[in-house]
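620 is the number that the UniProt record's numbering gives to position 620 of the sequence shown; each next residue is one higher, with no gaps.
Beta carbons are placed, not taken as given, at the ideal position from N, Cα and C, and that holds for glycine.
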Amino acid sequence: MNLDTNPIISDPVRQRQRRERAAKWRVDKLPTLRQSLQKRLNHGHPDHGSDGAKRPATASPSTTASPRAVASGPTPTTTTDLIAPNHGGGDAMTVDAAPPASVMDMDVDAADVDPLDQFMVDVTTQVAKIHAADLQRLTELKGTNSVEALNAADDGDAADAEHDILALAAKKLGKKKDIAAVDHKSIAYEPFRKNFYIEPPELAALTVDEVKDMRAELDGIKVAGKECPKPAMKWTHCGLPAACYKVIKDQCFTAPTPIQAQAIPAIMAGRDVIGVAKTGSGKTLAFLLPLLRHIKDQREVQTGEGPIALIMTPTRELAMQIHKEAKLFGKPLNIRSACCYGGSPISDQIADLKRGAEIVVCTPGRMIDLLCANAGRVTNLLRVTYLVLDEADRMFDMGFEPQVMKIVNNVRPDRQTVLFSATFPRAMESLARKILKRPLEITVGGKSVVATDVTQVVEVIKDADKFLRLLEVLGKWFAEAAETDIAEPRVLIFVDRQEAADQLMNTLLKRGYVCNALHGGKDQADRDSTIADFKAGVFPILIATSVAARGLDVKGLNLVINFDCPNHKEDYVHRVGRTGRAGNKGTAVTFITPEQERYAGDLVYALTASNGTVPPDLQAMADGFKEKVKAGQAQRASSGFGGKGLEKLDKERDLIKQAQKASHGIVDEEAGGSDNDEEKDEKVAGLLEKIALPPTIKKNAPVAAGAASTTLAATSTEAKPAGVARALDVLNQLNQQLRSAAPSAPAAASTPAAPSTETRAGRGVVNFTCEFEINDFPQRARWKVTNKDQINQISDLSGAAITTRGEFFPEGKQPKGAERKLYLFIEGETELAVDRAKNEIRRILLEAVVATAEIDAKSSGTTGRYSVV
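Dropping the structure here:
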């Protein structure tokens, strides 16, 4: 019946009937429509065959428009073909042809839009957008129409199946943060110019003897290498950009310092340089000013390109200090600089690099992160032609050398490389020369020598008296500062540990001294604010570890106190070098205890090299230690340089984490490494798996044993899902092997009889037993759990009796017949007693395995890997 022609039925009734029909349609047809839509989105358009031809749409009689529908006006059509399949004998629906008959009978006013029609319009519009995006994505795949290519482009499709999820996770976990090796021969680098130096007529007229006298006057400059330019006497001799001279004048730099006078002409001439000069001698400007001329000769860096100059430093504070100077001199020349270091948000640094920066000042670790980020699309080293390693000896010290070499090897071979430091041990020279070509070595004032402007005081003192002596020194210093009208006296105190820095800060605060601490354990924001406040004079005393020993430049810092004696002379030189900078006078006080006699020789050497006074008690301590070394009673102190890099530390941390996870029953599978390394890793991992999955405890009752057997069989059956990782298979096999390790009745009868449990434990009848196989563990671990004292201690702790059974079989040899591998037999009156003994054995084995692996890692040479006996 047509509702519009029935005058009896009122408008409210007609509206109610229309709502009921719409609700019924939503319940019956809407789920089917959604399934069809989802199927189309996932598997393609169902109206298209394999040949791409569109199938004709068949209209059923039920889809024919009624006379009422025709009379009421044309029905709007959609742009996408969506055919709902015919389920349960219902009417099929073609969206672009006409709505269902039940919907067409509705009297839809112009002002009253049916929500179902509106929903269909929105859905079809959204489908059109999705198909357009899919078409664009297929175009980007270079015309390929394979299903694999589409799945590779769409991460969502890859996550539908369980094996795809596992593969994706394994791929992400297997990624190592490493820089891919670059084949420089296959890359067409842009040509660039190195030599910008034109010798001024004033210098060209100088004779060889006059040049030697000039270098002697400039703190005794020593040059090793051929064809070194003559030292510059004025800034105008250096050939710098004109805008630099105005900044130099504003900073009141009247004349080049000795290292600047010789290093700037050498770098401007395009030579690789090793510069060694005292702390506070202006080494930063010596490599920064030629860098500006080098950059201005090349085209401007575009968005997305890498830098032209790369400056690497060992500490974050030094990187920020160099970045500040680079911005000061680069701004007039329109040269941009970016500072990249750890501890700060990497997103801001990525944004700076993507905008383009000609200069990048960085620490090695963060630079590797940026080069690896987003598959190497954040930045690159293709345009780097000027490479600087500041504090170069530290850059090749332990932890930095592997990272630095990864970055250096990815820079074009014909680059210009500059190395600067205040100390440069001979062991580091040979390593540094590997990355240089025909270098000039410029030394000002000797290597590892304290500046003559620093007054050095070394006191031999007992450890208990150091703090009182510190208070005395601080009291006298601040009293003298008040008498001499020093506006903002500043003191820097060095300690050897982070905990010591915090503890000393709290103690001085209680004594009324305003101070703060600076060390690597603080957040980067705290470290930045601490240095800024110290430079601004917010507090006069800063307590720091050696993280502040290199490159930190604080004006007005006139006193440095080594509360804890440095452990090598290079560290001493850099600590003391925080004062007496740029021609100012300074004082350095060092405390050394009788127990630190091994460091006395380094202090004597540093004092002698800088023409300082050596205290008699310090000289006697150094001589006494030398006699002990000759007699074999002591070992000489380490030079402080060496190590196997951060990768070794990462491996040790991973080993500790793996052991901790194993103690909680969590076992990881890690991919990567060479075949030999994987074998060693799997040996350790297998032992940890055995510890993580100890054998179950059995009750001495047939019914209980049968129940346990049934449970084990069920567990073994359920623990073998298809398509899981290798680690799960290993765990299942170990689980089945260890839990079914109990011998059968004949085998148990053939095992040599052990002493009576009641005699050993003295606690009544044995009800629970457990077997723990230890044959495959290292010798150190086997000895730990089988020696008599250890077994007695575990028995007293748990109340269970433990006996050693079986024989030891080396790797590759298997027991025959009734023979058994070496194992521990645990028996007790209660299940709790056996469980306690089992857990204690697990703990001892875990500690022994980790200790053995660490010992092997330390004794395995330069590889830093570990092996298990």
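message: For the segment 239-256 against the segment 332-348, do three or more pairs of beta-carbon atoms, one drawn from each stretch, fall closer than 8 Å, so that the two count as touching?
response: yes
query: Among V573, L431, L218 and R497, which has the Cα closest to the Cα of Q456?
result: Of V573, L431, L218 and R497, the residue nearest in Cα terms is V573.
- prompt: Could you give the C-beta distance for G225 and E441, rounded to a whole number, given that I count them as a contact under 8 Å?
  reply: 6 Å
query: Name the DSSP beta bridge partners of S337, please?
result: I359
- prompt: Hey, how far is the Cα of M214 from the Cα of A266?
  reply: 16 Å
field: Span of the beta strand (DSSP E) around S421
entry: Q416 to S421
query: Hey, which unbroken runs of the beta strand (DSSP E) at 3 residues or more fall wholly within the segment 581-636?
result: 586-592
field: Residue from D496, R843 and A549 with nearest C-alpha to K661
entry: R843
- prompt: If you follow the alpha helix (DSSP H) that Y245 is part of, which residue opens it and which one closes it?
  reply: Per DSSP, Y245 belongs to the alpha helix (DSSP H) from A242 to D250.
query: Should G817 go down as buried or exposed, given a rule of 16 or more other Cβ atoms within 10 Å for buried?
result: exposed
- request: Apply the 10 Å Cβ neighbour rule to D122 and answer buried if 16 or more other Cβ atoms are within range, or exposed otherwise.
  value: exposed
message: Let me check one thing: in DSSP terms, what residues is T803 bridge-paired to?
response: F825
message: Which of the three DSSP states is assigned to T124 in this structure?
response: Of the three classes helix, strand and coil, the one that applies to T124 here is helix, per DSSP.
- request: Starting from T455, follow its DSSP beta bridges and name the residues at the other end.
  value: T587
query: Going by the beta-carbon positions, is the gap between Q524 and S344 smaller than 8 Å?
result: yes
message: Residues in the same chain with beta-carbon distance under 8 Å from I198, minus the five sequence neighbours each way, listed in chain order, please.
response: G239
Rounded separation between E20 and V127 - CA only: Cα to Cα, E20 sits roughly 28 Å from V127.
query: Can you list, in chain order, the residues of its chain whose CB lies under 6 Å from that of I350, leaving out five sequence neighbours each side?
result: V378
- request: Leaving out five residues on either side along the sequence, give the residues of the same chain with a beta carbon under 7 Å from the beta carbon of G445.
  value: D219, G220, A277 and K278
field: Per-residue DSSP class, three states only, for Q15
entry: In the structure shown, Q15 adopts helical secondary structure according to DSSP, grouped into three states.
query: In chain order, what residues of the same chain have a beta carbon less than 8 Å from the beta carbon of K522, not counting five sequence neighbours either side?
result: T530
task: Tell me whether the beta-carbon of D835 lies closer than 8 Å to the beta-carbon of E570.
output: no
field: Top-ranked residue by Cα proximity to I295, from S337, T593 and I322
entry: S337
query: Applying the criterion that 16 or more other CB atoms from any shown protein chain within 10 Å of the CB defines a buried residue, is Q793 buried or exposed?
result: Exposed, because fewer than 16 other Cβ atoms sit within 10 Å of the Cβ of Q793.
Reduced DSSP secondary structure (H/G/I, E/B, other) of I774: coil
task: Look at the alpha carbon of P616 and the alpha carbon of T587, and state the distance between them as a whole number of angstroms.
output: Counting only the Cα atoms, T587 lies some 20 Å from P616.
message: Is it the case that the segment 816-833 contacts the segment 766-785, given that we only count it when at least three CB pairs across the two stretches are under 8 Å?
response: yes
- request: Check P307 in the structure and name its three-state DSSP category.
  value: coil
message: Please report the straight-line C-alpha distance between R26 and L135, rounded to a whole angstrom.
response: 31 Å
field: Buried versus exposed call for S750 [16 or more other C-beta atoms within 10 Å across all chains shown]
entry: Its pLDDT being 36, under 50, S750 is placed unreliably in this model, and the value from its coordinates should be taken loosely. Answer is exposed; the Cβ neighbour count stays below 16.
field: Residue nearest to Q431 in terms of C-alpha spacing, selected from V411, P815 and P402
entry: One detail in the question is off: residue 431 reads as Leu in this sequence, not Gln. Nearest option by C-alpha distance: P402.
query: When DSSP builds the beta bridges, which residues end up paired with R490?
result: L557
- prompt: Could you give the distance in angstroms between the alpha-carbon of G537 and the alpha-carbon of L509?
  reply: 17 Å
- prompt: Looking at the unbroken alpha helix (DSSP H) that takes in V576, where does it start and where does it end?
  reply: K569 to V576
message: Contact defined as beta carbons within less than 8 Å: I believe V491 pairs with I435. What is the distance between those atoms, to the nearest angstrom?
response: The pair is not a contact, with the Cβ atoms about 39 Å apart (cut-off 8 Å).
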